[in-house]
Structures are given as C-alpha cells and as structure tokens.
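Peer 1:
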Amino acid sequence: MLKDIKKNFKMIGYVAKFVPLYFVSSIVYIIFSAVTSVANVVIIQNIIDSVIARIPFSEVLSNLLIYVVIILVADFFIIIHNYYLVQRCRYVYVKKAQRLMFEKTKNIDTECFDNPEFYNLFSRALTQGDVKGIDCYDNLVRLVRSLVTLLALGTLIILTDWWLILIILVECIISTIIQIRVEKIYYKADKAVEKYNRRHGYIGRVFYLEKFAGEIKATSVSDLLTEKHDEATVDIKRTLLKPKVRIFRNYALNTLIYNIFRNAMVYSYLMYKVFKDPLMTIGLFGSSVNAVMQFSRNFELITYSLTQAKKNSLFIDDFLWLMEYEPKIEIEQGLDLVVDKASLEVKDVSFRYPGTEEYVLKNIDLKVKQGEKIAIVGHNGAGKTTLIKLLLKFYLADEGEIYLNDVPYRELNEKSLRQNFSAIFQNFQVYSVSVLENVLLRKRMNEEDDSIVWEALEKAGLKEKIEALPKGLDTILTKEFDNDGLVLSGGERQKLVLARVFASKSPIIIFDEPTSNLDPLAEYDINKKIIELSHSKTVIMISHRLSTIVDASTIYLIDGGRVIEQGDHQSLLKLKGKYYQMFETQAKMYTDEDLMTN
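Just so you know, we're using the working numbering here: the sequence shown kicks off at 2 and counts up by one.
Shown next, in the form of structure tokens:
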C-alpha cells in the first residue's frame, strides 16, 4: 500500500507544473477544512456551556462572532475551491496533459505498436491519462485533507479522554477491515463478469459501427446477437448473485458494529462521564459527540481514498511509462536535412523486427536518382512495406545503411528527414476535418493554401465535386461530428489521397499500394497519372500487381527479403525469370476474369 501511495504522490509534480494555482489552492483548502472541523467542535462547547453558566450575552456574542468569521472565511474559500477552481483547473490540466501526451505519442518508436503488450499499455495511458491524472491528484488531496482533519479532531478527543479515542479507533479499524473485504469481493466479481461485459460491448459495437450496418439490415443476425446479449445479461446476474449476498452480509455486520461502538459504547461512556466527572460539562459532551462523528467520517474517507489510491496506482504505472519513455529512434536529434531534390541509396541493408530471429530483408541494394520513378514489386509478405518503413526511418537497419543525398540516415534528425517524403499507405485515412485540412494535413496558413489545394484537387479529378459544395474547401468530411458532413465514395477517397500527393512540396513520393482495392486498369491509370504529374519528384511505387507499374524507369523485384531482379519492364520480361513468370500468371488471371465477366 505504501508503494501505491508513493506512486500517487508523483502526480503532484504534474499538477504543480500544469496548474500551479490549483496546487496552492489545494494546500489552503486542506488547512481550511481542518480549521472548520475544529472550529465547529469548539463552538458547540462554548455556546452550550456559556448558556448554562448564564454568561453575559455580549461576551458570548463576541466569542461567537470570532468563530463565525473564521468559519465563514474558511467556508467561502472552500466553496470557491470546490465549485470554481476545481472545474476551471481540471479543464486546464486535461488540456495540457492531452497536449503533452500527444507530443510524447509522436516520439513512440514504431516497434512499440508491433508489440501487443506495449501497445495495450500505451493505449491505456493515452485514453485515460488526461482525466485519470487529475483524479489521482484530487483523491490525494482528499486523503491528506482527511488525515489532517483526523489528527486535529483526534487531538481534541485525546484532550477530552484517552479511552474515548480507543473506542472510536476499534470501531474504525473493524469497519476498515470490513470495507477492504467488500472491495475484494467487488474486485473478484468484476473479474468474473468481465467476459460477459466484453460480449455486451462487442454486440453494442456491431449495432452502431458502419461496417456491420449492411448485414444487420439485410440478414437476421440482429436477432441472433440480441439473443446473445440477453444470455450475457442473465450470466451477469447469475454470477453476481453470490457476491451481492456476501456484500449485504458485510454491510449488515458493519452497521451492527457501528451501532454497538458508536451509538452504545461511545454515547454511554460520555453520559457516564457527565455524571461522574465534574470536568465533563454538557457543552463538552455535545462537542465530543460532534468530534466523534467527524472523526469516524474522516477515517472512512481515508479508507476510501487509500482504496482508490491502490486502484489509481495501476493507471499511474501506465501514465509514467508514457511520460518517462525514452525512444531509440524518435529522439529528434541529428542533422536537419530538408532538400528540394532528393536521391536515395540503400546499401547492403538487412533487417529483422525486434524480438524475432528471422531477417525480413537481406542485403538489399538499390539506388533512386533524383526525379527517377521506380517500383518495388513482389508477392504479399516479400518485404516491400518493411523497406518503406526503413526509408521513413520508422526502424533502423540492423546491418547496412540508407543514404539521403549521400548523408547516412543514422546522422539525420528523423523529423526533418520525413519532411522530404510524401507517403501514402494502403490503409490511408480520411479525417473528420475540412477538405482543405484533409489535403494539406494541417491548418490553412494563408490564401495561397487554397490555390494549392484547388490545383491538387484538379489534378486528382476531384475539383468539380468540391466546387459544387456550398462550403467548398471548408466542407467537413465524414459524419463523425457533423450530420452535414460529406461522405466520399471509395473512388473519391482515392482521388483525395492523390490530391495530398500533388499538394505536397516533398521531393520524394512513396505510394504503398493505396489503390490495391481498385481493379488493375484503374490502378494503372492512377500510377500513370502520378508519374506524369510528379515532374521532377522522385517516386517510389509499391505494388504486387505488375501490370500497373510497367511505366516505371526501374523495377525492383523482392522475393524472400532479397532483390532478385531489377530493370525496366521490357528488360525484365526478356530475362524470363521470376518477374516474367509473375507477369504472365497475372496477365492470364486478369484475362480469365474478363472472359468470365463478359
């Protein structure tokens, strides 16, 4: 438990850094909370004893005003803290924490995304880090506030009678043990129904995700899933039946203990002291009852806060991992090299993914001259996309080196390096932002950006579609956040991706099979258009369809992680090697498909 508390205290540094006002306010809040608790206890004793002793009203009033002013000032600050500063500062913290996490995310090495354990840890930290972080701090403030208040009230009770504090502590300790037992029951119950809750979540996603909509409407699978959902609900109720009974018994026992110690023993003991001890006045009796109630309440809050701290420690491990993560590649150090004209050389490069023994790429050699249009082809799994990851410095080669304009990759700042590339991947995304922002992948900087985007859309064949829209370039894509958002067809999405390429100023274009879901003729037309319109830019096209890249100046055929053939289309056909066999096989396959459809 102590280790968990230490983890929670680490969150103080982030709150003090992001919202120092909240940190200072929390300290004052803790002090004032203790002051009001003690003042409320003392004022009861003074008022009652003053009335019984018939002390002059003016004297009682002057003492009362002092207490009232103290309590009013403290309560006024507590109200400001709880109902204004908490909400305002939480918003500021969440905003700054999200920004920090997004910045850290950009520096996460790609290999972490390939490791399920690291990926799950990273995703938990990213999805919970903003709100959970401030929740940890707030829980810590409650814990410290309750501890300070408990010590202050405990001191007052001890000054009244040592035996009284012992009776209360026994009751509080027993209640704490029962509460811990209940928390364990809750934890085991949550674990027991986890699989059924996952089933609930899965079925819920099926009903609202777009990719399932067609089958949900066209088939009877919705009835099957509804039945499965009902079965999971029954399983949850059945699984939770015994834990609920055990929880009820523990709470019943806790209530019994409370009544025995608090209502019976404490009050009986105080009444006994009133009759036997002349120092135990009626006012002291009343204040002691108040102190006991507040003491017990704060003890319960401490128990609750400690339980929450233990739960929060699991999140803190994830959050601190993200904050303290030291990248191997994404370190943003080295030479800045952003060029207008680019050449690439891959020299004797071999690579295997972290944690694996088998090499994915072996002794790769290739050169791409400035302005050259090359293609990298091969069967699925041959290593084509892995090579692209190395070119973008998502990974470092295990052996050999890659050069940009004769400068080794290992010497280059990866951020500036990637500014030389415009990469379009097979699983490209359309974002829920404006058309202009989707093309530029950034905000509008000036009016020139509009001209750049319109020109890119015209080259891609999407200009007329966007011009006809009321908001033009400011039209939001997808309906994720806007019911009036534009949903592009598959072909239009491809054109939008092309527009990104044409709008980019990067000297190197990487085209990693983003059109692989199109028919070969359509893919060929797009690749040809890229080659024609890219002018002086260097173009690298990835494909497993050989008929779509015949216009490339140099074609590299990768098989088993090695470059086994290279040359232009005609020279490779004349070799009558692997490339020739693949081309003939694919040509026959597409011819057969044409015959079947005609």
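Ideal Cβ positions, reconstructed from N, Cα and C, are used throughout, including at glycine.
A quick note: this is a predicted structure, and the numbers were derived from the prediction, not measured.
Quick one: which unbroken beta strand (DSSP E) runs of 3-plus residues sit fully inside the stretch 468–542? Chain order, please.
Peer 2: Those beta strand (DSSP E) runs which fall completely within the stretch 468–542 and span 3+ residues are 509–513.
Peer 1: Short of 7 Å in beta carbon distance, which residues of its chain neighbour G287, apart from the five on each side in sequence? Order them along the chain.
Peer 2: Closer than 7 Å at the Cβ level, and outside the excluded window around G287, lie I45, Q46 and I49.
Peer 1: Just the Cα atoms here: how many angstroms apart are L302 and F77?
Peer 2: Each residue's Cα considered, the two are about 22 Å apart.
Peer 1: What residues in its chain sit with their C-beta under 8 Å from that of L596, if we drop five residues either side in the sequence?
Peer 2: Note that L596 has pLDDT 33, beneath the 50 cutoff, so the model's placement of it is unreliable and the number below is only indicative. If we look at L596 and ignore the five residues flanking it on each side, it has no Cβ neighbours.
Peer 1: Give the straight-line distance between the Cα atoms of V431 and G462, rounded to the nearest whole angstrom.
Peer 2: Looking at the two C-alpha atoms, the distance is approximately 17 Å.
Peer 1: On the three-state DSSP scale, how would you describe D337?
Peer 2: Three-state DSSP puts D337 in coil, outside helix and strand.
Peer 1: Taking the C-alpha atoms as reference points, what is the distance between I527 and H545?
Peer 2: Whole-angstrom Cα-Cα distance: 15 Å.
Peer 1: How would you label Q495, buried or exposed, when you count the other beta carbons within 10 angstroms and need 16 or more for buried?
Peer 2: With 16 or more other Cβ atoms within 10 Å, it is buried.
Peer 1: Excluding the 5 residues flanking L271 on each side, which residues of the same chain have their C-beta closer than 6 Å to its C-beta?
Peer 2: Only F286 and S289 meet the Cβ criterion.
Peer 1: Looking only at its chain, what residues have a beta carbon closer than 6 Å to the beta carbon of A383, apart from the 5 residues adjacent to it on each side?
Peer 2: Cβ neighbours of A383 beyond the five flanking positions: I559 and D560.
Peer 1: So for R563, helix, strand or coil by DSSP?
Peer 2: Strand.
Peer 1: Between S554, E514, I543 and L547, which lies nearest to E533 when the distance is taken from Cα to Cα?
Peer 2: When only C-alpha atoms are compared, the closest one is S554.
Peer 1: Does DSSP put M597 in a helix, in a strand, or in coil?
Peer 2: A caution first: M597 carries a pLDDT of 35, below 50, which makes its placement in the model unreliable, though a value can still be read off. Of the three classes helix, strand and coil, the one that applies to M597 here is helix, per DSSP.
Peer 1: So, for F601: in the same chain, excluding its five sequence neighbours on each side, which residues have a beta-carbon less than 7 Å away from its beta-carbon?
Peer 2: Since the first residue of the chain shown is 2 and the last is 599, residue 601 is not available in this structure.
Peer 1: Would you check if the distance between the CB atom of I510 and the CB atom of S535 is smaller than 8 Å?
Peer 2: Going by C-beta atoms, I510 is nearer than 8 Å to S535.
Peer 1: Three Cβ pairs or more, each shorter than 8 Å: is that satisfied between the stretch 77–87 and the stretch 183–203?
Peer 2: Touching, no, given that fewer than three Cβ pairs across the two stretches are closer than 8 Å.
Peer 1: Taking N255 as the reference, which of I217, L210, R182 and T220 has the closest Cα?
Peer 2: The option with the nearest alpha carbon to N255 is R182.
Peer 1: Under a three-way DSSP split, which group does F190 fall into?
Peer 2: Note on residue identity: the sequence assigns Ala, not Phe, to residue 190. Looking at A190 - three-state DSSP - the assignment turns out to be helix.
Peer 1: So what's E1 in DSSP terms, helix, strand or just coil?
Peer 2: Not covered by the structure: residue 1. The range shown for the chain is 2 to 599.
Peer 1: Hey, M12 and L122: beta-carbon distance below 8 Å or not?
Peer 2: Not closer than 8 Å, so no.
Peer 1: Measure the C-alpha to C-alpha separation of E359 and E481 and round it to an integer number of angstroms.
Peer 2: The straight-line gap from Cα to Cα measures roughly 42 Å.
Peer 1: Can you tell me which residues form a DSSP beta bridge with L405?
Peer 2: BP columns for L405 point to L345 and V408.
Peer 1: Leaving aside the five residues before and after F296 along the sequence, list all residues of the same chain whose C-beta is less than 7 Å from its C-beta, in chain order.
Peer 2: So the list reads L151, L154, G155, I158 and I169, once near-sequence residues are dropped.
Peer 1: My guess is that K363 and G578 are in contact by the Cβ rule of under 8 Å, so how many angstroms apart are they, rounded?
Peer 2: Contact doesn't hold; Cβ gap of about 18 Å is too wide.
Peer 1: Can you list the alpha helix (DSSP H) stretches of 4 or more residues lying completely in the stretch 195–253, in chain order?
Peer 2: Fully enclosed alpha helix (DSSP H) runs of 4 or longer: 195–209 and 211–219.
Peer 1: Tell me whether D278 sits in a helix, a strand or coil according to DSSP, three-state version.
Peer 2: Looking at D278 - three-state DSSP - the assignment turns out to be coil, as it is neither helix nor strand.
Peer 1: Go to L388, then tell me how far its beta strand (DSSP E) extends in each direction, as first and last residue.
Peer 2: No beta strand (DSSP E) holds L388; the alpha helix (DSSP H) holding it covers K385 to L392.
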